[in-house]
Every structure is written in C-alpha cells, then in structure tokens.
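Structure first, then comments.
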Amino acid sequence: MEFAVLGPQKFVKDRMEKFSPEVFQTSLLGEKMAIFCGAQGNKFLFMNENKLLTSWWPQSMKKALLFPEFVESNLKEVSALKRSFHHDILKPEALKQYIPVMDALAREHLDNDWAPNSVVKVFPLSKKYTFELACRLFLSVVDPEHIKRLSEPFTLVTNGMFSVPIDLPGTAYNRAIKGGKMVREELMRIITERRKELTEKKETEGRDLLSKMLLVTDEDGQFMSEMEISNNIIGLLVASFETTSSAVTAVMNYLAELPHIYKQVLEEQMEIAKLKGPDELLTWEDIEKMKCSWNVARESLRLTPPAQGAFRETTTEFTYAGFTIPKGWKTFWTVHSSHKNPKYFPEPEKFDPSRFEGSGPAPYTFVPFGGGPRMCPGKEYARLEVLVFMHNVVRRFRLEKAIPNEKIVFHASPTPAYGLPVHLHPHEK
12 MEFAVLGPQK FVKDRMEKFS PEVFQTSLLG EKMAIFCGAQ GNKFLFMNEN KLLTSWWPQS
72 MKKALLFPEF VESNLKEVSA LKRSFHHDIL KPEALKQYIP VMDALAREHL DNDWAPNSVV
132 KVFPLSKKYT FELACRLFLS VVDPEHIKRL SEPFTLVTNG MFSVPIDLPG TAYNRAIKGG
192 KMVREELMRI ITERRKELTE KKETEGRDLL SKMLLVTDED GQFMSEMEIS NNIIGLLVAS
252 FETTSSAVTA VMNYLAELPH IYKQVLEEQM EIAKLKGPDE LLTWEDIEKM KCSWNVARES
312 LRLTPPAQGA FRETTTEFTY AGFTIPKGWK TFWTVHSSHK NPKYFPEPEK FDPSRFEGSG
372 PAPYTFVPFG GGPRMCPGKE YARLEVLVFM HNVVRRFRLE KAIPNEKIVF HASPTPAYGL
432 PVHLHPHEK
C-alpha cells in the first residue's frame, strides 16, 4: 500500500536510508521481496538472469494479460525463436521502413487532435497516438472504430495491472481481467483471419508484424502458435499504450517547462526540416541527426522513467552484499536508485541533457529500458516514436504548461494528475 501511496521513488529512497543502500527486504503485492538498489544491484540482477533468477509477474498482471494455462508453461522460459524474432523485427534495420508511417501519422494526429485547440491534454492524446500507431504497424488495423474496440478494454487492463488482486465486481482487478479477456478474444479473431488470408493468398512476406509472426519458423520448421503470437502482440501493445505514451508525455512536459531546452530542440529540428520539402517525410538519416533531441529525451527518461523497475524470482538461494536471499523469493530492481543517485548524476533533480554527451553515464546507472537478456526489445522503436513526435510538435507549436506544478501520480507508469494540459502557441508561418 505504501509503495502505491508514496510512489516507488520515495518508498525505495526512505528504505535505502533506513536499512541499506544496496539491498533491503520488504513486502510488496503480498510477496516477500528483496529490493536491489544502485548500479551494482542492477548489474548483479542483469548478469544473473537465467542463472540465479527467472522472470516473474504479479498475479494481477498475469490474470489481466494472459490466459492462466499459458502463464506457467510459457513465461518461465522464452524460446530461442521468440528471442531471435524480437531481435529481428525490432532492430534498427527492420524499423527504418516504419519512420515515414510514424511521421505521417504524427502529422495527421496533430492536425486532427492538437491544431483545432488552444489547450490540449498531452497524456490522453499521447496514448491515443501511440496506440493508433501500434495498431497500424503491428496489425494493419486503421479503422477508428476497430482501434477503439481494442483501446477501451486496454485502458481497463493497464489501470488494473498492478492493483490489489481482489476479484470482486467494481474493483480495478476485476475490470482488468474482463478487459484482458476482451483484448485476447479480439486479437485471436484477428490472428485467425490473417492466417487464413495468408494461406489463401500463399504470401511469404509479411506486410506488418502480425504477418511476420505468422510466417516465421524455428530451426525445425515450426510456426509460432496463435497463443504465442497473441501474447507477443499484447506485450507490444501494452508497451505502446502505457510506457511509450508516458515517455512522450514526459518529454512534452520538460519542453513546456524549460524554454531554453525547447529552443535547443527547435533549432536542431528546424535545421533538419530546412533540407526537406514541405510534404517530404522523415527518414532514418534525419533521425540520426537528432543528437540534441535524443539527449533531451534521455534526460526525460532519467527523471521520469515510464517503467519503475522489474520483478524477478530467485531459482536458488544466494548471498548478495552480506544478505542471504532464499530460493523462491521475489526481487525488484529499481530505476530511481541509480537515476536519482548524486554519486552517478550530480544534482540529480536538475534537468541537464549534457549528461549524455560523450561517453555518457557509467554502465548500469541509466536503465530506463532495463538490461541483460531481458532488456526491453522495443528500445529502438520507442526512440524512433519519441523523436518523430518531438520533431512534429516543436516545429508547429510552442508549449506552455497550464498547471505549472502538476502532481505526478503512479498507476502502471508515472501519470500527470490532470493529464498535462498545455497551451498551444502555433508558430507563424
């Protein structure tokens, strides 16, 4: 309860000061848990993935996102096929083709949802944009009503993913389970229809991520099951719906709050735009020029990381920093214990993108995407999506916060209490 009320950052900071700055015991989500802190804690957990530890998810998240029979058999081990597939579809070379689509949708989104208004709420609109983009790129779903049929139950899922697992009518947990079933059923229907379509047309190349998943085989010629595919798609959609939208919102918050930072980003983006025609879409080469903008985005991720850390389960007893961690205990590495540590980042509360110039932060200190074998496979996708959105927003608007000291609350990710309303000041053409 304290974890939710205080927020992860204060909860962990208070206990690091009271117990140990390296590791401490607590109870979270009804589980005995060891909280690993700092760069050394991050390094230890990342390096011992699949040796001393395995993945673990809270009951509320498992029930909301997955069929119960799928959880135990498939979450413990990630197949070589899935690891290879994630690497192939989300590496920079594969993502290059999506940049023009991202750019076109960002322009359309700003035309329809931002430009007609003098004030907009950034967070809900960011969710709408990132989810529409994910539906288009992953599933080739472009119909607004179809997207709505997926996004509405997804809202229930993400609102209840980390809730207290009490399955009574009206609870966030109960709504999340119902939403998860609706999402799963809709995805299974889409997957079945697409498999039939690919078979009838005898297609061998996928036009989107779903088709690629249906066509890929392992070394024995085996295809992914429809359940595996739906699980992969759900993971990607959750990341787009919750964490990427949170990252976009954090960047917009700092651009609205810090005029000197906004000016630096605007100058860089205008230099890129000057070399392009008015209707010419962004390319990979343009993205690679956005050095200043990416440093600004990374500093936003340091101060307001969408993911607060990750859970694991111990597969054997081991000792760390003088403490014995029993087999079967749950662990949690916490992003703020390194991101906000003055030992790694002097004046940690100060927004300073220059921290990322040159060789950047020391290893294991900046971990918004995790690390080790389970580092977020969508890291590069998120980078492209954030930079494309930054490019389009700053070229069209100057932002001004409507609520200067808006409070951040925690659900699945940090969320502005009122959705981050900003005044839009269009540039003169």
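The sequence shown begins at 12 in this note's numbering and counts up by one.
Ideal placement from N, C-alpha and C gives every residue a C-beta, glycine not left out.
Checklist entry - Would Arg218 be called buried (16 or more neighbouring beta carbons within 10 Å of its own) or exposed? => result exposed
Checklist entry - Taking just the CA atoms, how far does Leu198 sit from Pro19? => result 33 Å
Checklist entry - Where does the unbroken beta strand (DSSP E) through Leu46 begin, and where does it stop? => result The residue you asked about is not Leu; residue 46 is Ile in the sequence shown. Segment Glu42 to Phe47, the beta strand (DSSP E) holding Ile46.
Next on the checklist: Taking its Cβ as the centre, do 16 or more other Cβ atoms sit within 10 Å of Arg200, making it buried, or is it exposed?
Outcome noted: exposed
Checklist entry - Between the beta-carbon of Val23 and the beta-carbon of Thr345, is there less than 8 Å? => result yes
Item to check | Opposing strand residues paired with Thr426 [DSSP bridges] | outcome: Val420
Next on the checklist: Rounding to the nearest angstrom, what Cα-Cα distance links Ser304 and Pro364 in this structure?
Outcome noted: 9 Å
Checklist entry - Going by other Cβ atoms of all chains shown within 10 Å of its Cβ, with 16 needed for buried, is Leu266 buried or exposed? => result buried
Next on the checklist: Can you tell me whether Glu83 is helix, strand or coil according to DSSP?
Outcome noted: At Glu83, the pLDDT of 43 sits below 50, so the modelled position is not reliable; the number obtained from the coordinates is stated separately. Glu83 falls in the helix class under three-state DSSP.
Item to check | Per-residue DSSP class, three states only, for Ser38 | outcome: strand
Checklist entry - Rounded to the nearest angstrom, how far is the Cβ of Phe134 from that of Gly430, given a contact under 8 Å? => result 4 Å
Checklist entry - When you compare only the Cα positions, how much space is there between Glu417 and Leu269? => result 15 Å
Checklist entry - Between Lys54, Met44 and Pro176, which lies nearest to Ala75 when the distance is taken from Cα to Cα? => result Pro176
Next on the checklist: With DSSP as the reference, identify every bridge partner of Pro415, one or two as the case may be.
Outcome noted: Answer by DSSP bridge pairing: none, since Pro415 is not bridged.
Next on the checklist: Using 8 Å as the cut-off, can you tell me whether the segment 340-354 makes contact with the segment 391-403, which would need three or more C-beta pairs spanning the two stretches below that distance?
Outcome noted: no
Item to check | Terminal residues of the beta strand (DSSP E) in which Trp340 lies | outcome: No beta strand (DSSP E) contains Trp340, which DSSP labels as neither H nor E.
Next on the checklist: Assuming Ser241 and Gly171 are in contact, meaning their beta carbons sit under 8 Å apart, how far apart are those beta carbons, in whole angstroms?
Outcome noted: Not quite, the Cβ-Cβ distance comes to about 19 Å (not below 8 Å), so this is no contact.
Checklist entry - Is DSSP giving Ser66 helix, strand or coil here? => result strand
Next on the checklist: Need the endpoints of the beta strand (DSSP E) that His434 sits in, please.
Outcome noted: Pro432 to Pro437
Checklist entry - Would you call the CB atoms of Thr169 and Ala423 closer than 8 Å? => result yes
Checklist entry - With which residues is Val131 paired in a DSSP beta bridge? => result Val433
Checklist entry - Would Leu247 pass as a contact of Phe165 if the rule is Cβ separation under 8 Å? => result no
Item to check | Residues near Tyr355 in its chain [Cβ-Cβ closer than 7 Å; skip 5 each side] | outcome: Ala50, Ser349, Pro372, Ala373 and Thr376
Checklist entry - By a C-beta neighbour count over all protein chains shown, 10 Å radius and 16 as the cutoff for buried, is Ser129 buried or exposed? => result exposed
Item to check | Opposing strand residues paired with Gly382 [DSSP bridges] | outcome: Gly382 pairs with nothing; no bridge assigned.
Checklist entry - What does a CB cutoff of less than 7 Å around Thr254 pick up in its chain, not counting 5 residues either side in sequence? => result Pro317, Ala318 and Ser424
Checklist entry - Okay, do the segment 292-311 and the segment 336-344 touch, 3+ Cβ pairs below 8 Å being the bar? => result no
Checklist entry - Which residue comes first and which comes last in the alpha helix (DSSP H) that contains Tyr355? => result Segment: none, Tyr355 is in no alpha helix (DSSP H) and carries neither H nor E.
Checklist entry - Looking only at DSSP bridge pairs, what is Leu410 linked to? => result Leu435
Checklist entry - Leaving out the 5 sequence neighbours to the left and right, which residues in its chain are closer than 7 Å to Phe442 when beta-carbon positions are compared? => result One cannot answer for residue 442 here, as it falls past the ends of the chain, which runs 12 to 440.
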